[in-house]
Amino acid sequence: MRDGVRSSLFPELQNHALAAEAREMSVAFADFSYLRWVTGEEDPERAWEKYFTDTQPQVRKGLDQLLGSFHPEERDRAKELAGSVEVFCLPSNAVESRVFENPGEATGYLIGIALLPVQMAAEIAWGMNMIHPRYPETFPPEWDVGESRELLDFALTEYVKSLETPGQGPLPQSVLEAAHRPQWPRGQGPGDYKAAATTFAIAHELAHIQHGHLLPGPRAPENRLFPTNLASLLEISEETNEELAADAATFVTCYNLLISAWIHTTTPPEKGTGERFRYEREFRVNAMHSAHRATEACQAYHSALCILGMIAWRRGEGDKADRLLSAAVRSPFVQQYIQRERQERYAPALGPFMWTERDVEYRKAHDSWRIHFCESVMPETWSRMGLQTSIIHVRAPA
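Using the numbering used here, the letters of the sequence shown correspond one by one to residues 2 to 399.
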């Protein structure tokens, strides 16, 4: 999500540090149950300091990795962005990532990342991987699909309960942390899903800067996902069209980063050798896993925004709910774009495994779970908490 206006929330954010005034303002509305959970600190000030200290290098590293994965023809642009774009973490209860004009003397933009939807998206992506594994034949005989779905439902329900009762208790133990163990193959573990979710959040906001969406005046046609006449027929606003373009660009950016992380850690052997054959085979496997994770990060992020949008809707926060739910409804359009990219761009170059019927089923599974959770599990949770609400349907256009 974008803003692109001069913000007074962080008046002196420079050189990876928050000024004292901005930090005090942020602490005033931070959810300390979340801060205590992620930092282990009881004192609010120390909790905020530790949160910022721990998360700032994480998102800065994410931005540096994204810029380092640019195509060689775009290296000048990457260097320009590296000198004019900074990334930082918004307070712990923020639900929308934003782009701000740099309020200091330097020109450029600040990207504020909301880590709560990132964490939820990582939980969802990993949970869906457990419910519908890409390769179920690799799982033990006692593996239970129903149990995996119940575990994901429980984990996300605990997020909902904690967010609906701020200050009443810490968030639950993350499923990601519980599942984290060293034997996962590279690129397929829970930590990899969290890294992909973080990359998605940063890349989406960076895409708005790259596409010039924050500048006044008319936009170039290539900076929209749909041509103006088609967008009008589909009743897609200009702003939504730009958000769709950022979402679509994010998939390609995430994929490029994930696969380049493997390329940069390996050295290709000489052509015509057995080692070269094994290298190329491993490259295709990593390309496939990178495409999966980039796709799932996109799906899961939209699901997280849908859940947060419903919480905002129940609280009566209409404007916030509209923004979040509108973002969630964009998912089918973005998934169609991703399918086309994988079928028409990647499959011819790398192999038909870059888009298969299993990918189609995976997309349906994500949609099915999102509807199940938002239309069944969340209302039941609200009811048990004594919160009055009516059902809101989250079904998006096919």
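We put the CB at the ideal spot given by N, CA and C, even for glycine.
Every unbroken stretch of the alpha helix (DSSP H) spanning 4 or more residues and falling wholly within the segment 81 to 161 is given here in chain order: 116 to 132.
For Lys321, same chain residues with a beta-carbon under 7 Å away, outside a window of 5 residues either side, are Ala313 in chain order.
Assignment of alpha helix (DSSP H) within the segment 263 to 317, counting only whole runs of 4 or more residues, yields 275 to 316 in chain order.
Residue Glu239 holds the alpha-carbon nearest to the alpha-carbon of Arg225 among Leu235, Glu239, Leu234, Arg279.
Counting every other CB atom within 10 Å of its CB across the protein chains shown gives Thr200 a total of 16 or more, marking it as buried.
Rounded to whole angstroms, the gap between the alpha carbons of Thr229 and Asn242 is 9 Å. Here Leu235 is exposed: its Cβ has fewer than 16 other Cβ atoms, across all protein chains shown, within 10 Å.
Note that the C-beta distance between Ala198 and Ala262 is not below 8 Å.
One thing to note: Gly109 has its Cβ no nearer than 8 Å to the Cβ of Phe101. A residue is called buried once 16 or more other Cβ atoms fall within 10 Å of its Cβ, and Phe252 is buried on that count. When only Cα atoms are considered, Val335 and Thr56 end up about 29 Å apart. Contact check for Glu244 and Ala366: beta-carbon distance about 24 Å, past the 8 Å limit, so the pair fails to qualify. Around the beta carbon of Lys272, a 10 Å sphere encloses fewer than 16 other beta carbons of the protein chains shown; the residue is thus reported as exposed. Secondary structure at Ser70: coil, using DSSP grouped into helix, strand and coil. The straight-line gap separating the alpha-carbon atoms of Glu159 and Ala204 is approximately 28 Å.
The three-state reading of DSSP puts Ser238 in coil, since its state is none of H, G, I, E or B.
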